[in-house]
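J.: Mind looking over this structure? Questions follow.
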Amino acid sequence: MSMGLEIVGIAFGFLGFIGAIVSCALPMWRVSAFVGANIVTAQVIWEGLWMNCVTQSTGQMQCKIYDSMLALSQDLQASRAMLVICIILGIL
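Read in order, the letters of the sequence shown correspond to residues 16 to 107 in our numbering.
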């Protein structure tokens with residue numbers, strides 16, 4: 016019985032580790048949508064830990080990596096630091 020629980024615990028730990036890596040890479044931490052007077056001027060802005068992306072109403076997406084750490088807001092800086100620490104501790 017305890018060996019089965021141990022295997023389940025290891026599997027959940029591994030899934031959590033993979034989830035942390037995937038969530039660190041995704042640019043969808045903060046999503047803002049702007050719609051002008053008509054739908055043609057609509058934009059969706061995704062801010063992530065490493066880059067931000069802008070999607071136009073035409074479907075075109077442009078992503079840009081942050082130039083410096085200071086370009087991030089404080090909450091995203093804290094999230095970035097904690098998630099990197101989480102992944103490093105998960106490796107150990």
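Yeah, the Cβ is synthetic: ideal placement off N, Cα and C, and Gly gets one too.
1. Provide the residue span of the alpha helix (DSSP H) that contains Gln71, from first to last.
2. Do you know offhand how far Cys68's Cα is from Ser17's?
3. Evaluate Gly74 with the Cβ neighbour count: other Cβ atoms within 10 Å of its Cβ, from every protein chain shown; 16 or more gives buried, anything less gives exposed.
4. With DSSP collapsed to three states, give me the class of Met10.
5. What residues in its chain sit with their C-beta under 6 Å from that of Val45, if we drop five residues either side in the sequence?
6. For the beta strand (DSSP E) that contains Val59, what are its first and last residues?
T.: Concretely, from the data shown:
1. From DSSP, Gln71 is part of no alpha helix (DSSP H) but of the beta strand (DSSP E) over Met66 to Gln71.
2. 47 Å
3. exposed
4. Because the chain is modelled from 16 through 107, residue 10 falls outside the range shown and cannot be assessed.
5. Note on identity: in this sequence residue 45 is Arg, with Val being the wrong assignment. Excluding residues within five positions, the ones whose Cβ falls inside 6 Å are Glu62.
6. Gln58 to Glu62
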